[in-house]
Amino acid sequence: MVFRFSAVPAAVLIAGIFAGPALAAPVEELGYNRGSLGVSAILSADFGTAEAQLNNHGNGVKASDPLRLINLGNVYAGTGRLFDAQNLYMSVLRQPAVEVTTADGAITDTHEVAQMALRRVQVVAAAR
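Residues 230 to 357 (this note's numbering) make up the sequence shown, in order.
This is how it looks when you write it as structure tokens:
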């Protein structure tokens with residue numbers, strides 16, 4: 230999980246391609262409408278629901294939001310659409326980086342998360 234901070238927590242996203250183990254505490258988007266970043270659905274590996282949530286244009290999340298793009302890339306990677314995932318991660322890298330703090334307390338940014346996810350997708354694609 231990654232938490233985005235400005236002055237206060239703003240969002241949660243999944244760092245990496247595939248859903249990780251469930252956390253003890255409930256996880257939801259902070260500063261976004263519940264479900265708008267597909268966090269719970271991704272954690273449950275319910276990629277269809279996550280994709281629908283992320284593509285719901287009425288959820289208040291801009292199409293270019295780097296957290297949305299990373300999570301949608303994770304959905305695409307989790308469903309085998311590696312080329313589409315790569316394109317989304319690369320689009321995050323073309324935007325200004327946004328500082329984020331992971332659930333384990335590490336501070337990073339959206340560029341680092343996107344680069345890590347991009348490397349993972351490239352490894353999976355090369356193994357095919």
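The beta-carbon is built from N, C-alpha and C at its ideal position, and this holds for glycine as well.
message: According to DSSP, is aspartate 313 part of a helix, a strand, or is it coil?
response: Mapped onto the sequence shown, residue 313 falls at position 84. Helix, per DSSP.
message: On the CB-based measure, 16 or more other CB atoms within 10 Å of its CB, does asparagine 303 come out buried or exposed?
response: Reading the sequence shown from its first residue, position 74 is the one you call residue 303. Under the 10 Å beta carbon count, asparagine 303 is surrounded by 16 or more other beta carbons and is classified as buried.
task: Could you say which of Leu311, Asp275, Ala346, Thr278 lies nearest to leucine 296 if we only look at CA atoms?
output: If you number the sequence shown from 1, residue 296 lands on position 67. Closest option to leucine 296, Cα to Cα, is Ala346.
message: Just to confirm, is the Cβ distance from leucine 298 to serine 320 under 8 Å?
response: Translated into the one-based positions of the sequence shown, residue 298 becomes position 69. Translated into the one-based positions of the sequence shown, residue 320 becomes position 91. Their beta carbons are under 8 Å apart, which means leucine 298 touches serine 320 by this criterion.
- prompt: Tell me which same chain residues have a C-beta within less than 6 Å of the C-beta of proline 262, skipping the five on either side of it?
  reply: Taking the sequence shown and counting its residues from 1, the one referred to as residue 262 is at position 33. As written in the sequence, residue 262 is asparagine, which differs from the proline given in the question. Result list for asparagine 262: Asn288, Gly289, in chain order.
- prompt: Where does valine 350 sit, in a helix, a strand or coil, going by DSSP?
  reply: On the sequence shown, residue 350 is found 121 positions in, with the first residue counted as 1. Correct three-state label for valine 350: helix.
query: By how many angstroms is the C-alpha of leucine 266 removed from the C-alpha of glutamate 341?
result: Sequence index remark: in the sequence shown, residue 341 carries index 112 (1-based). Sequence index remark: in the sequence shown, residue 266 carries index 37 (1-based). Linking glutamate 341 to leucine 266 through their CA atoms gives a straight-line distance of about 19 Å.
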